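J.:
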Amino acid sequence: MLAVYSLSLPLPAGMESWLRSQIPDSTLAVIARRKRQSDQHLSLLAHGALRHFLAPLLGCTPRAVPITTLEHGKPVLDLDDTDLHFSLSHSGERVLIGMADRIIGVDIEAMRLPVKPGLVEHCSVPSERSWLKCDLDFYALWCGKEAALKQAGTGFHIQPQELSLNGHPDYGCTVQSPHPILQDLVVHSHRPVENYAAAICLNTPFAPWTVSLLDSVELPDTKLT
């Protein structure tokens with residue numbers, strides 16, 4: 335199984351209260367600490383939609399979906415030997431949710447153009463710069479690396495220059511790194527909508543993928559397919 339969904343702000347009328355009904359109080363308290371209302375809404379959308387999709391697969395209510403957090407902040411199902419995995423990302427006004435039968439990492443980024451040259455230098459290694467021809471290439475690189483770091487559960491405790499992509503992630507590539515947890519992960523990037531870049535990462539090769547774009551107003555009646 336591999337399913338990737340994206341939803342976006344603004345929240346339709348009545349959606350905020352419905353999303354809150356899907357999320358346990360402990361997570362709502364964390365979301366409430368975000369300063370901007372738009373950031374709160376984006377996080378509500380991500381966590382509410384995720385639990386809405388996972389609940390029927392696990393046979394429980396959305397609030398009861400057992401999610402815990404690993405050492406470096408990666409949320410995972412708190413179950414033994416599960417073959418259901420997920421990853422969340424949000425940026426700008428859009429959320430990306432990935433679910434798979436293997437450990438998955440996803441990333442989405444609202445593209446801010448032009449990209450500063452210093453950022454390219456900070457996030458890439460010399461072997462990657464042969465195919466970094468434009469700003470879109472940079473965002474494919476950035477999303478690919480962040481998806482890999484999220485798949486591995488390390489986040490930026492490992493720096494972007496400590497892993498390299500052995501080709502352009504738009505066409506699929508593998509990760510090279512001195513960190514065994516990252517070595518040979520598989521990355522594919524994608525541009526789901528205008529002005530956004532995205533990528534997913536798994537630990538084995540996978541078929542070309544697409545993002546299912548959902549209208550937030552239809553979310554309560556949408557089921558994972």
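Start counting the sequence shown at 335; every next residue gets the next number (our numbering).
Virtual Cβ for every residue (Gly too), placed ideally from N, Cα, C.
All values reported here derive from a predicted model rather than from experimental measurement.
(1) Quick one: residues in its chain with C-beta nearer than 7 Å to the C-beta of G487, no 5 flanking neighbours on either side, listed in chain order?
(2) Inspect the CB distances between the region 408 to 417 and the region 366 to 376 and report whether three or more fall short of 8 Å.
(3) Confirm, please, whether the CB-CB distance from S498 to S523 is below 8 Å.
(4) In whole angstroms, give me the CA-to-CA distance for A531 and D435.
(5) Between V520 and G506, is the Cβ-Cβ spacing less than 8 Å?
(6) Which class does V429 belong to by DSSP, given the choice of helix, strand or coil?
(7) Going by DSSP in three states, V551 sits in which element: helix, strand or coil?
(8) Would the region 426 to 443 count as touching the region 470 to 486 if we require 3 or more Cβ pairs under 8 Å?
(9) Using alpha carbons as the reference points, say which of M433, F472, S425 and P358 lies closest to P396.
(10) Of the choices D412, L413, G432 and L411, whose alpha-carbon is the least far from that of A380?
(11) By Cβ distance, which residues of its chain are closer than 6 Å to P526, with the 5 residues on each side in sequence left out?
(12) Pick out whichever of S458, S377, S360 and G426 has its Cα sitting closest to the Cα of Q495.
(13) Does E462 come out as helix, strand or coil in the three-state DSSP assignment?
(14) What residue range does the beta strand (DSSP E) around Q510 cover?
T.: In brief:
(1) As a working mapping, residue 487 is identified with position 153 in the sequence shown. Correct list, in chain order: L404, H406 and K408.
(2) no
(3) Here residue 523 refers to the residue found at position 189 when the sequence shown is read from its first residue. Here residue 498 refers to the residue found at position 164 when the sequence shown is read from its first residue. Taking 8 Å as the Cβ cut-off, S523 and S498 do not qualify as a contacting pair.
(4) Here residue 531 is taken as the residue at index 197 of the sequence shown, counted from 1. Here residue 435 is taken as the residue at index 101 of the sequence shown, counted from 1. If you take the alpha carbons of A531 and D435, they lie about 24 Å apart.
(5) Residue 520 sits at position 186 when you count from the first residue of the sequence shown. Residue 506 sits at position 172 when you count from the first residue of the sequence shown. It is a contact, given that the beta carbons lie within the stated cut-off.
(6) Position 95 of the sequence shown, counting from 1, holds the residue named residue 429. Three-state DSSP puts V429 in a strand.
(7) Within the sequence shown, the letter at position 217 stands for residue 551. Here DSSP, grouped into helix, strand and coil, assigns V551 to helix.
(8) yes
(9) The sequence position of residue 396 within the sequence shown is 62, counting from 1. The residue with the shortest Cα to Cα distance from P396 is P358.
(10) Residue mapping note: residue 380 aligns to position 46 of the sequence shown, counting from 1. Comparing Cα positions, the closest option is G432.
(11) Residue 526 sits at position 192 when you count from the first residue of the sequence shown. Counting only Cβ-Cβ distances below 6 Å, and skipping sequence neighbours, we find S340, A532 and V545.
(12) Position 161 of the sequence shown, counted from the first residue, corresponds to residue 495. Per the Cα distances, S458.
(13) If you number the sequence shown from 1, residue 462 lands on position 128. Helix, per DSSP.
(14) The residue given as residue 510 occupies position 176 in the sequence shown. Note, Q510: beta strand (DSSP E), C507 to Q510.
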